[in-house]
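**Student:** Using my numbering, the first residue of the sequence shown is number 2, and each one after it goes up by one. Dropping the structure in here first, questions after.
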Amino acid sequence: MCGIVGAVSQRNIVPVLVDGLYSLEYRGYDSAGIAVLNAQQQIERIRRSGKVQMLDQGVVDSGLTGKIGIAHTRWATHGAPSEKNAHPHMVGDRIVLVHNGIIENYVHLRNSLLSEVQLSSETDSEIIAALIWQEVVKHNKTLLQAVQAVVKVLEGAYAIAVLDAQQPGIMVAARCGSPITIG
Ligand code: GLU
């Protein structure tokens, strides 16, 4: 079972995200990742196969900072345990997403997207990010409107947290079947 963490603050939230991942280690995982919007409102992402400690080292080495971000420990269900398949998933340098759960109808959704979006992982989760990207870019929706539209076509269990680099300061989370806590 994976874990997801998100944080928004007036201060740097990277230590909060990394501490959150350490707290979720007991659930079991095969890889970990973190993404923030930096001071230029660009997505910066670090992913590692293996332990949170390796991700933590990457975070320290890179000097990653941001006031809004999401992080994830993955338990692979669709696609091998690898850095390429680790979350967060990014689409179009704009949408970045973490997902806990399984999207049952992902093959159908993936086929409908292949001619429209360049996918870079084997996961069901990236499909959610790509669908949200389509809604914000092609249909000019807010992030909230995009997530509300996309969850209507998802079948399965999920908890997600998502950011849009062009709508900074906003994080949208949604759940169905998988738990999520907001505080
Ligand atoms: N199904 C997703 C994947 O394989 C999420 C797995 C999880 O909950 O960690 O990447």
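Backbone N, C-alpha and C define an ideal beta-carbon position, used for all residues, glycine too.
Quick one, which of Glu136, Asn106, Asn101 has its alpha-carbon nearest Val118's?
**Tutor:** Locating residue 118 in the sequence shown gives position 117, counting from the first residue. Of the candidates Glu136, Asn106, Asn101, the one whose C-alpha sits nearest the C-alpha of Val118 is Glu136.
**Student:** Is DSSP giving Glu117 helix, strand or coil here?
**Tutor:** Here residue 117 corresponds to residue number 116 of the sequence shown, with the count starting at 1. Here Glu117 sits in coil by DSSP.
**Student:** By the three-class DSSP mapping on this structure, what secondary structure does Tyr107 have?
**Tutor:** The residue given as residue 107 occupies position 106 in the sequence shown. If DSSP states are grouped into helix, strand and coil, Tyr107 belongs with the helices.
**Student:** On the three-pair Cβ rule with 8 Å, is the stretch 21-39 touching the stretch 147-155?
**Tutor:** no
**Student:** Taking the alpha-carbon of Asp125 as reference, which of Val60, Val173, Ala166, Arg75 has the nearest alpha-carbon?
**Tutor:** As a working note, residue 125 is residue 124 in the sequence shown. With distances taken between Cα atoms, Asp125 lies closest to Arg75.
**Student:** Suppose the cutoff is 6 Å on Cβ atoms and the five residues either side in sequence are ignored; what does the same chain contact list for Glu105 look like?
**Tutor:** Indexing the sequence shown from 1 puts residue 105 at position 104. Excluding positions up to five away in sequence, the list reads Glu156, Gly157.
**Student:** Please determine whether the Cβ atom of Ala77 lies at a distance below 7 Å from any heavy atom of the ligand GLU.
**Tutor:** Position 76 of the sequence shown, counted from the start, is the residue given in the question as residue 77. Within the cutoff, so yes.
**Student:** Would you kindly check if the distance between the Cβ of Ile35 and the Cβ of Ile44 is under 8 Å?
**Tutor:** Reading the sequence shown from its first residue, position 43 is the one you call residue 44. Reading the sequence shown from its first residue, position 34 is the one you call residue 35. Contact: no.
**Student:** Around the Cβ of Leu65, are there at least 16 other Cβ atoms within 10 angstroms (buried) or fewer (exposed)?
**Tutor:** Here residue 65 corresponds to residue number 64 of the sequence shown, with the count starting at 1. Classification of Leu65: buried, given that the 10 Å Cβ count is 16 or more.
**Student:** DSSP beta-bridge partners for Leu38?
**Tutor:** Here residue 38 corresponds to residue number 37 of the sequence shown, with the count starting at 1. In DSSP, Leu38 forms a bridge with Ile44, Ile69.
**Student:** Might you give, ordered along the chain, the residues of its own chain that have their beta carbon closer than 7 Å to the beta carbon of Gly59, omitting 5 neighbours on each side?
**Tutor:** Position 58 of the sequence shown, counted from the start, is the residue given in the question as residue 59. Excluding positions up to five away in sequence, the list reads Ile47, Arg49.
**Student:** Does the beta carbon of Ser126 fall short of 7 Å from some heavy atom of the ligand GLU?
**Tutor:** Start at 1 with the first residue of the sequence shown, and residue 126 comes out as number 125. Yes, since a heavy atom of the ligand GLU falls inside the 7 Å radius drawn around the Cβ of Ser126.
**Student:** Could you pull the start and end residues of the beta strand (DSSP E) that Val154 belongs to?
**Tutor:** On the sequence shown, residue 154 is found 153 positions in, with the first residue counted as 1. Element bounds for Val154: n/a, residue is neither H nor E.
**Student:** Identify the residues that DSSP records as bridge partners of Asp165: which are they?
**Tutor:** Walking along the sequence shown from the start, residue 165 turns up at place 164. Asp165 pairs with Ile96.
**Student:** Suppose contacts are defined by Cβ-Cβ distances below 8 Å. Is Val99 in contact with Gly70 by that definition?
**Tutor:** The residue given as residue 99 occupies position 98 in the sequence shown. The residue given as residue 70 occupies position 69 in the sequence shown. No. Outside cutoff.
**Student:** Report all residues from its chain with a CB closer than 8 Å to the CB of Pro180; omit the five preceding and five following residues, and keep chain order.
**Tutor:** As a working note, residue 180 is residue 179 in the sequence shown. Answer for Pro180: Ala160, listed in chain order.
**Student:** If you draw a straight line from the alpha carbon of Arg12 to that of Val154, how long is it in whole angstroms?
**Tutor:** Residue 12 sits at position 11 when you count from the first residue of the sequence shown. Residue 154 sits at position 153 when you count from the first residue of the sequence shown. Roughly 36 Å between the two C-alpha positions.
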